[in-house]
Each structure stands twice: as C-alpha cells, then as structure tokens.
Amino acid sequence: MNVTYNDFVIRFANVNGSGSASANGMFAKALFRMGVPVAARNIFPSNIQGLPTWFEVRVNEQGYLGRREGVDVMVAMNAETYAEDIAALKPGGYLFHDNSKPLPASLKRSDIREIGMPIATLLLTEFTDLKQRSLFKNIVYLGALSALLNIEFDVITGMVAKQYKGKDDLIQPNIHALELGRRYALDYLDSPIEHQVRRTDANGDRILIDGNTAAGLGALYGGATVCAWYPITPSTSMAEAFERYANGLRVDRKTERRKFAVIQAEDELSAIGIVIGAAWNGARAFTATSGPGVSLMSEFLGLAYFAEIPAVLFDIQRAGPSTGMPTRTQQSDLLGAAYASHGDTRHVLLFPSTPKECFDFAAEALDLADRLQTPVIVMSDLDLGMNDSVSEPLAWDDARRYDRGKVLDAAALDGIERFGRYLDVDGDGIGYRTLPGTHPSKGAFFTRGTSRDEFAAYTENPDAYQRNMERLQRKWATAATLVPEAEIQSDGRKAGILYYGTSAAPMQEALDLLREDGVRLDRIRVRGFPFGAEVYEFIDRHAMVFVVDQNRDGQMRTLLVNEGDLNPAKLISLRYYAGLSISADEIHRQVLDHYKAQKLPRLKEVGA
Amino acid sequence: MTFVAKPRTRHPLLPLNELDLTRRDYEGAVSTLCAGCGHDSVSAAIVQACAELSLPPHRFAKLSGIGCSSKTPSYFLDKSHGFNSVHGRMPSVATGANLANRALYCIGVSGDGDSASIGLGQFAHIVRRRINMLYIVDNNGTYGLTKGQFSATNDRGSTSKRGVPNLYEPIDLASMALQIGASFVGRSFSGDKRQLVPLIKAGLMHPGMAFLDVISPCVAFNNHNGSTKSFQYVREHSAKLMEADYIAPSAEITADYEAGAAEDVNMPDGSTLRLRKVEASYDVHDRIGALAHVQRCQEQGEVLTGLLYVDPDAADCHDVLGTVETPLNALAEADLCPGSRELDRLNESFR
Ligand SMILES: Cc1ncc(C[n+]2csc(CCOP(=O)(O)OP(=O)(O)O)c2C)c(N)n1
Ligand code: SF4
Ligand SMILES: [Mg+2]
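So the protein lines, in turn, are chains A and B.
Every letter in the first sequence is one number past the one before it in the numbering used here, and letter 542, counting from 1, is 542.
Position in the second sequence counted from 1, then plus 1000, gives you the numbering used here.
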C-alpha cells in the first residue's frame, strides 16, 4: 500500500436539506484540530431541500488550500448524482457509498476502489425514530471515515459533546451512530485506506473561519454602528455575523441597550439609503450584498460619490444574473462596482484574499470611507465569504484609533472664519465636513449632488461644476495612496502574474507546478483600487503579465488597461468562470498553454 | 446663480421665542419655486411651527427626495443640515439619519410623485419601521419638476392642464399610513395655516412616525378648473375634521379656539395637544374609525383634513431596537471596539 498523509481531496455528495452540512463541517474541523490545514468548499444549489449538494475538503499539510482538480475520496450519498460523482474520481480513488442498495453495474469503474457500507440497513436495526434514521446517515459515515482515514476518534466525539452541550439526550445517540460507523469500518472494511490523516502542527495558531464571519467581526471592531441589509446569498451571513456578535459584545451591561442598530431593509435601495443617511449623520454604517444588490444600489452609490458621503459596502460576489447561479462563486462584479452609477463615478474597491483580510479590510474600509468621504466597496466572493478555511488569527492593536477623517466639531468651527464644505484646504481633494447639529450658527450646509459651489451654495455655474469634478479627481489620486498596497514578490523575472481576491488561494501551488515546467513568474497581488503606483511599476518592469480573473471578460485586465492607459497586448488574460473557485491546475494549464502556443523559452532549474 | 445671504438684523417688531430667537432665525434660503407655489406655504408653516415651539434651529436633520417639494428643505431652517437625496428614497436616508442620531428632530419633505410612485415602497416601510420623524408630503397631484405629468395621488377623472383626464385610481397616502400603523396621521392644506401649523407642531413633538399629507397646489401645472388639487377645489371640498392646537407645557401659543369642543391629548413629553372637534363624535384614537371616515369622505368627494389619528404612547424604532439613549454617532471608541483580549477569546472559538 502506498500510504500518503495529510494530502488528499475528499468530496461529499449529499442531498440538500438532509442534515449533511453539520457532519461535513465536523469532518473538516476534526482535521483542523489535528493540526492539518484544510479548506472546505460548499458547492450548493439554490434550493432548500432536495437538490444535490457537494462539500469538498482539500487537505494539504504544505498549505496548498486552493481548489485542486480530481477527487481522491468520494463519499457518494446521493444516488441521483452517482454517475457524475464516480466520474469525478481520480484513477485509484476511493468510492465510499451506502450499499444497502447495490450500485448499478453500469456505473462500475475498474480503476477505482469501492468501499460499500450498508448504512441504511445498519440504522434500521439500531434506531426506531424515522428522523434519526435519516439524519444519522451522515453521522455514521463520519464514524466510518474516522477509521478509514485514521482520524482521532476522540477529537470527533469531543466535538459532538461540545456541539450538543446541555442537550445530553442528543449526545448519546450521536456518539452511538458514530461508533456504529467506526466499528463497521474497523471490522469489515480495509481500514485505513491509502489516504490518511496524521496529527501535525501545521496550523500553528491559525484559525478555521469563513470570510463573512471575519468581515462581520471586522465591521464590529471597526466601529460600525448601523448595518442595513437585504437578504441575498452569499452575503447574508456577514450581516448576521455582525448582528450576532454585536448582540454579545455591544450591549450596555447596565441598561441592556444596544450600541448598534441593524435594519433588515425592504430592498437594497433602502439598505444603501439607510447606510448613506447614517453616514451623513456621522455613524459608521455598512451594508452587505451581492451583484444584484449592487445593481439596485447604483443610483445611490453615484449620489454618495458626488455628495461625498462615506459608505461601506461588502459585495460578496456570485455568478450573475439574479436568477442565474446564485450559489456559485465568481469575481464578476468588478467593473459594475468600480464604475457603479451614472455620471463620472468611480469607487474605491478593496480585494481581500483571506478571512483575516476580510476582518482587516472591513475595519480599513470604515476608516477609508471616512477619510475619503466616499463609498468603499469590499469585493469578497462566495468562496471566501461562505466557506471555512485556515486563516491567520484575527488581530487588533489596542493602540489603534479610528480615522474619522476630516470632521469639524463646534470648537473647530469657532476657530475658522468661514466654513466651506467643498474647499480643498489641504490640496488632497478632500474637504472638511460637519455633522448635523454640531453648532448653533456655523457649519450647517445643504447636501445635494453637484449643483453647488465650494461653500455648498446652490449653483449650476459651469465653472463651479468643473472645479468640483477636478477636485474629485484629486481626491481619487489621494485614494490611490491610501488603499492597501499590492503584495509583490519579485525575482527580476521577465514575466509576472497579477491576481486578486480568492485567486490567491491556489497561486503558490500553481507557481510551484509551473516552476517544474520551467516557467517562473514574479507575482503581484492587487489589494485595492484605484491602483497604487506599485501596480503600474510592476507591469512596467515586466515584458508580459498574466492577469487572473474569475470572470469571463477579464474585468481586472479591463480596469488596468483603462485606468493605467496600458498596452493591452502585454496583459495576458487568464480566466476561469465556471462557478467553482479557480484551481491551481487551471492556472498552471492556461499559463503553460500560452508558453507553448507562443513557443516561449522554458528553463528548468538544474540540480537543487 | 448663487444667492446672497439675507442680512440677519433682528427686526425690532418680530416677537422673540423662549430661545430669544425670532422667526427669521428659522428661515432658509430664498425659494426658487414658482411664485404662489403651495410648497412655499408649507415651508413657511414649518418655520412658524419650529419658531413657536422654541426648538433650537440647528438641531434638525432635514431630508428630502427629488422634486419641487424636495427642494424645500433648503428654504427653511438654514442653521440645520439638509440632504436632497434621490427620487423616492428620502425614507431610507431619513431612517439612517435617525438611527445615527436620535437626538435630532427629523423632518422629511417629499412629493406625491416622490412618495406615492417611485418611493411608495420606501414610504410604506418607513411607516412600518416607526422612525421618529415628521414626514410631510407636499401633495399637488402632479409631477411639478418634470412639468405636469399626473401623479399617483391624482383623482380619476381629474384633468391635466391640457385637458386630458386621468384614467387611474388615486393612492391615498394618509389611508395607507393609517393601515400600516403610523402612530400619527394628519392631513391639511397648504393654504390653511391655522390648521397646518398646529399639525406640524404636534407632528414634531410626536414620539414616533408622524405623517402629514398636505395638499399643496401646483400653480404651474395643477391649479386649473379640472383639477381636484387646485386651491379652489380643495377650499370648496374640504371637510374639516377638527383643528389641532399644539400647546407647549409652559405657555399656550394659540388661544384662538372655541370653547366646548376641545379635547386635550397628552403628549409624552408632558405637553398637550388640543384638538378642536368639528364633529363631537370623532375619536382620534380609533384607527379603524379614521380609515372608514377618510374613505366615506372620499366617496362624497370631500377631503377630510385635520388630525386623523394619533397614538400618544407610540413606540419608535429606537424603542423597538432597544438602542442606547446616547446617539450612536456619539459613542466613544471604547464603547464600540471590544479590544484585543476579546479577540483572543474569539480566535480561540475558531480553533
Ligand atoms: C430616478 C429618477 N427618475 C426620474 C427623475 C425625474 N424626476 C424629478 S422630479 C420628478 C417628479 C417629482 O414629483 P413630486 O415628487 O410630486 O414633486 P413635485 O415637483 O410635484 O413637488 C421626477 C419624475 C429623477 N430625478 N430620478
Ligand atoms: S412647478 Fe408647481 S410644484 Fe413646482 S414650483 Fe412651480 S408651482 Fe410649485
Ligand atoms: Mg407633486
């Protein structure tokens, strides 16, 4: 037997609504607790019950946690998808299934290994309750996997005990179902199989968390007090996380009153309107949505741009349109978000790659919005937002102070002769603002779109309009110096690869694969828009730059060409948009294809 | 063009209120609306009401959507901040503004196009949310700013300036507000200051959502004979329910009411809302009765004006959400950020 440790892809094929999510989640967590890096990916339908759903876990001690093509172990619990599930297995892979009913002969594959277990039959004799019989199928296979993959059993039982703490009557039957599966696997199956788990400390102090939870916490730490949102997958869990943690951490101990307000609005127009109203009135406010919501928010986003209101928006991107593949991941809102609205508008974007960055950028976005007095959109996606992955622990520096930007209080107003809301006093394009109710006689102004002069007086004078638009351009240039800098690893290669967001997850693995094929690339991970000077310098320094997009049209490439007035020929578009997250194999293949098609030199490293 | 600020010399004859301010201190920029536009009368009534209540003129948040009506917040209370937002979405902006700072008086001014067409959804939902504000619709039955198209409050059969009849049923915002749970609903007429000013005062003092439908004729597009929102039509067809005099706790502002037909409504801030009933049988606390009465009048071609309904013990959105008394925008960082030690605990929960 050719045993490998802590390096495989396991996929669970289930029926939506069958209770598999919690068992599968426990599986990933058990491995994480054994110190093994994991990334979970929930591939689910837009459906509440009945349609097929998959849960894939990439297990990799080296920390390659992007998606990898091919499945090593398939837990096939949905007869309806047997055919595609069996086809997804790599040669030599394991097919685990419930053989209470035999597998149709037509589906047999000679190059895979079948592990049959009569789960339904086992449950029939052990449990009388119909609901338990169905629910515990998931627990039984979890028990069996503990034997097959060599997962420490007490890690799993410990999790069950913790999950049902206080509900002792649930712990016993769950443990019994776990043991049922484990016993059977030890007694009658060839346990363990070639893919095994082994305790290690590769996770260090890292945590297992999804991006939306981290972003919700980031908004809480960043001082958001108003959250307005309208339910839409995959953003919902961010607003819910904010509310859940705020209910625990932002309640006055004595009065039990809340130091925050969450409004589930009637639609996204209202959600962003509430955010803008709250921010205009000096509260830190945010909304979480996805592409269809950004479309609805567009008019308001333009207003906020021109009226210079800080507003924070999380776009947890998914495939379009509204009734398309709402539960599949993509990075397809870039252009829509960057230029949302009518008139000459541009918006600051942040691109987090990890849950830790979701946390950091949430707080950062609130600072940036206040500093720049403009909307800031955090561009996450379904893969990052909804799936658990190993992340650096969240960190907060207690010495850090919120940057509330240029806001004049009553004393400051007393100190100036004449307040001009839209005067560019500091030359950075950012005026000083005042909050409603600050001063009895100074500083009040009327907020409207653009028909105003530097003192916020109504005017439709062409020169005044143009001056204002030019100042907004200066502000945009200031923004380029304030957004998070791109992360660059440069070894003086001729070619580079530029990526952002979740394309970071498979990148190291892809670059390592390419290196084996004699292709070595410098890399740059873009983290903000407008692009900082370092982005253009990187492109300038390289003869050719691959631009990785998880959308069909190469939207990042378009942004780069458009904003930097760059030569498009230099930017090779590398795209994946089928609704799963981009894999290392995909990046590897596309780069290599380009090298081969262009007959570019590939130099293999000699020796080690 | 830019308007020159009016000189703020205090007129010796203007009466001072409790803050030693005159009505001039509550005014705004010079209006750019058509001469005679009903909306200007509503702005003037707001100025009078706020001055008479001796409210600090800088402690308001003025919100509006888009339309001639929505321009008006710059024509009153210029010591306060105002926000001319997008068409039909004032309610959401007002919601946010009120959530951020519950200590400010919140006035939203909208039009019938703004609130009954493009913004009907937002109108309904802010009423449901019980935002503590005064929500005024300057209702002229037309889209003034886009030059005279019918609005959704226009009565069926009413004709446009060009003589074309309106084919569709009207939406009555006051009835809707009653139905969805507004805790204060009134209707008035821009030309009837004696009724309008007390209603505005009462609405401002009301501790929840106060909605006022103010019929406010458009002299440019909807003040001709075939219109049911013209000055003449409303004067001839209005059925006055009652007049409301708002009496502040200290001194009575208006003493101009007939004895014997008054009813005092106690306001939560200790002040009194005095209602003068035209019909002795009308009960301002009866939501269902109010709805029926409004509709009966409508059936008879009459516009019922006055205070239609009030729940003096209303809860507002902050009560519902259980937020702290301190305005959310005034909370200190220590109140907002749980700190690194808490984060260590949170990290542990993700291991
Ligand atoms: C999204 C959008 N659509 C259309 C318009 C054009 N528009 C401006 S004002 C207005 C109607 C205003 O009517 P109303 O609210 O009744 O105000 P009035 O002018 O009658 O006081 C319209 C349709 C707009 N500003 N925004
Ligand atoms: S068009 Fe009508 S609503 Fe607009 S300002 Fe003139 S009179 Fe008033
Ligand atoms: Mg109108």
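Ideal Cβ placement from N, Cα and C applies to all residues, glycine included.
Here the structure is a predicted model, which is why all the values come from computation and not from measurement.
task: Report the neighbours of Asp267 of chain A on chain B: residues whose CB is nearer than 8 Å to its CB, in chain order.
output: Gly1121
message: For a test of the three-state rule: what should DSSP assign to Ala21 of chain A, helix, strand or coil?
response: helix
message: On the CB-based measure, 16 or more other CB atoms within 10 Å of its CB, does Ala278 of chain A come out buried or exposed?
response: buried
query: Identify the residues that DSSP records as bridge partners of Val526 of chain A: which are they?
result: A:Tyr500
- prompt: Can you tell which of B:Leu1308, B:Leu1167 and B:Val1137 has the C-alpha that lies nearest to the C-alpha of Arg1156 of chain B?
  reply: B:Leu1167
- prompt: Per DSSP, Ala543 of chain A forms a beta bridge with which residues?
  reply: Its beta-bridge partners do not exist; DSSP assigns none.
field: Unbroken alpha helix (DSSP H) run spanning Pro355 of chain A, endpoints
entry: Pro355 to Leu372
- prompt: Is there a Cβ from chain B that is less than 8 Å from the Cβ of Pro52 of chain A?
  reply: no
- prompt: Exposed or buried, what is Glu56 of chain A when buried is set at 16 or more other beta-carbons lying within 10 Å of its beta-carbon?
  reply: buried
query: Per DSSP, Phe1106 of chain B is paired with what?
result: Phe is not the amino acid found at residue 1106 of chain B; the sequence shown has Cys there. B:Ala1061, per the DSSP bridge assignment.
query: At a cut-off of 7 Å, is Ser1151 of chain B close to ligand 3 when judged by its beta-carbon and the heavy atoms of the ligand?
result: yes
- prompt: Contact check, Ile1046 of chain B vs Asp1114 of chain B under 8 Å by CB: the rounded distance?
  reply: Not a contact, Cβ separation roughly 17 Å.
- prompt: Hey, is Leu1033 of chain B close to ligand 2, as in C-beta under 7 Å from one of its heavy atoms?
  reply: yes
- prompt: Just checking, does the segment 125-142 of chain A make contact with the segment 164-179 of chain A on the three C-beta pairs under 8 Å criterion?
  reply: yes
query: Closest Cβ-Cβ distance between Val275 of chain A and chain B: below 8 Å?
result: yes
message: Mapping the DSSP letters down to three states, classify Ala337 of chain A as helix, strand or coil.
response: helix
task: Let me know if Gln466 of chain A comes out buried or exposed under the rule of 16 or more other beta-carbons within 10 Å of its beta-carbon.
output: exposed
query: Between B:Lys1161, B:Asn1132 and B:Pro1327, which lies nearest to Thr1142 of chain B when the distance is taken from Cα to Cα?
result: B:Lys1161
message: Using the Cβ count rule (16 or more neighbours within 10 Å means buried), how would you classify His542 of chain A?
response: buried
message: Contact between the segment 1093-1101 of chain B and the segment 1043-1058 of chain B is defined here as three or more beta-carbon pairs at a separation below 8 Å; is this criterion met?
response: no
- prompt: Listing by chain order, which chain B residues have their CB less than 7 Å from the CB of Ala444 of chain A?
  reply: His1058, Asp1078, Lys1079, Ser1080 and His1081
query: What is the rounded straight-line gap between the Cα of Ala105 of chain A and the Cα of Asn16 of chain A?
result: 26 Å
field: 8 Å Cβ shell around Leu89 of chain A - same chain, five flanking residues per side excluded
entry: Gly70, Val71, Asp72, Met74, Leu95, Arg109 and Ile112
- prompt: Among the residues of its own chain, which have a CB less than 8 Å from the CB of Thr1032 of chain B, if the five just before and after it don't count?
  reply: Lys1071
task: Hey, could you find the ends of the alpha helix (DSSP H) Gly1067 of chain B is sitting in?
output: Neither: Gly1067 of chain B is in no alpha helix (DSSP H) and is coded neither H nor E.
message: For Gly1289 of chain B and Arg1102 of chain B, I'd like the C-alpha separation in whole angstroms.
response: 32 Å
message: Under 8 Å, Cβ to Cβ, is there at least one residue of chain B near Arg58 of chain A?
response: no
task: Quick one: which unbroken beta strand (DSSP E) runs of 3-plus residues sit fully inside the segment 414-467 of chain A? Chain order, please.
output: none
Cβ of Gly1339 of chain B within 8 Å of any chain A Cβ: yes
task: Have a look at A:Ala307, A:Ala202 and A:Val561 and flag the residue whose alpha-carbon is nearest the alpha-carbon of Thr447 of chain A.
output: A:Ala307
Spatial distance of Leu592 of chain A from Ala202 of chain A (CA atoms): 31 Å
query: Looking at the unbroken alpha helix (DSSP H) that takes in Thr213 of chain A, where does it start and where does it end?
result: Gly211 to Tyr221
message: For Lys1229 of chain B and Asn1223 of chain B, I'd like the C-alpha separation in whole angstroms.
response: 7 Å
query: If you check the beta carbons only, do Thr327 of chain A and Ala283 of chain A fall under 8 Å apart?
result: no
field: Under 9 Å (Cβ pairs) to chain B, residues found in the segment 216-233 of chain A
entry: Leu217, Leu220, Tyr221, Gly222, Gly223, Ala224, Thr225, Val226 and Ala228
query: The beta strand (DSSP E) with Ile232 of chain A in it runs from where to where?
result: No beta strand (DSSP E) contains Ile232 of chain A, which DSSP labels as neither H nor E.
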